[in-house]
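Positions 1 to 147 (UniProt numbering) are the ones given, in order, by the sequence shown. We put the CB at the ideal spot given by N, CA and C, even for glycine. A quick note: this is a predicted structure, and the numbers were derived from the prediction, not measured.
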Amino acid sequence: AEAKAAAAKAAAEERVALAQTALDIFMKVPEGEVPEGEPAPEAVVSQEQFEEARRALKEVAATREKEEKEALEEEEAKNAHALRLLNLLLTPPEAAEGEEPAEPALTQEQLDEAKKALTPEPEPEPEAEGDAPAEGEGEAPAEGEAP
Numbered sequence: 001a002e003a004k005a006a007a008a009k010a011a012a013e014e015r016v017a018l019a020q021t022a023l024d025i026f027m028k029v030p031e032g033e034v035p036e037g038e039p040a041p042e043a044v045v046s047q048e049q050f051e052e053a054r055r056a057l058k059e060v061a062a063t064r065e066k067e068e069k070e071a072l073e074e075e076e077a078k079n080a081h082a083l084r085l086l087n088l089l090l091t092p093p094e095a096a097e098g099e100e101p102a103e104p105a106l107t108q109e110q111l112d113e114a115k116k117a118l119t120p121e122p123e124p125e126p127e128a129e130g131d132a133p134a135e136g137e138g139e140a141p142a143e144g145e146a147p
């Protein structure tokens, strides 16, 4: 759960950084000599537009992060409630004096299967970029290709 939230936050920060880079490019005034009689080039985007776009991007990123966090918390709460219910179904009802204890509503196997379905599996760690296979590892060259 925390890994998903961290991944969502990292993705939002990456989007903001990319947008910031794009805005920086648009704000940059072209360099070079201006031929006589021509006006000097101006920025494609004004500083005010730049600041407005930056503010909007940060708001969108914060809103999206908040919504994803709330959705994740809601999902976890639903799963916790379902697990409590499953545990109640597994617990046999108390028998009155002189009666045989009743069987639980679910078997342990059914409970384990339901818990597995409700418990999120940890996501595999993405391989770091730039991890090249060591010498001798990797795919063998196809026929006709040099090793």
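Verify whether the separation of the beta carbon atoms of residue 65 and residue 7 is less than 8 Å.
No, these two residues do not count as a Cβ contact at 8 Å.
Report the rounded CA-to-CA distance for residue 15 versus residue 75, giving the unit in angstroms.
If you take the alpha carbons of residue 15 and residue 75, they lie about 25 Å apart.
For residue 112 and residue 77, I'd like the C-alpha separation in whole angstroms.
Residue 112 and residue 77: Cα-Cα distance of roughly 19 Å.
Got a sec, what are the start and stop residues for the alpha helix (DSSP H) residue 58 sits in?
That run of the alpha helix (DSSP H) goes 47-90.
Can you tell me whether DSSP reads residue 18 as helix, strand or coil?
Looking at residue 18 - three-state DSSP - the assignment turns out to be helix.
Which residue from 72, 47, 80 and 45 puts its Cα closest to that of residue 3?
Ranking 72, 47, 80 and 45 by Cα distance to residue 3 puts 72 first.
Looking at the structure shown, is residue 8 part of a helix, part of a strand, or coil, going by DSSP?
The answer is helix: DSSP assigns residue 8 an H, G or I state.
Which residues in the same chain have their Cβ closer than 7 Å to the Cβ of residue 114, if we skip the five residues on either side of it in sequence?
Closer than 7 Å at Cβ, skipping near neighbours: 86.
Looking only at its own chain, which residues have a Cβ that is under 6 Å from the Cβ of residue 56, when we skip the five neighbours before and after it?
Cβ within range, chain order: n/a, list empty.
Go through its chain and collect everything with a Cβ distance to residue 61's Cβ below 6 Å, but skip five positions before and after it.
Result list for residue 61: 12 and 16, in chain order.
Tell me whether residue 3, by its Cβ, gets closer than 7 Å to a heavy atom of the ligand ADP.
The ligand ADP is absent from the structure shown, which contains no ligand whatsoever.
For a test of the three-state rule: what should DSSP assign to residue 116, helix, strand or coil?
Residue state, collapsed to three classes: helix.
Classify residue 18 as buried or exposed, calling it buried when 16 or more other Cβ atoms lie within 10 Å of its own Cβ.
Exposed is the call here.
Tell me the rounded alpha-carbon separation between residue 20 and residue 9.
Taking the straight line joining both Cα atoms gives about 16 Å.
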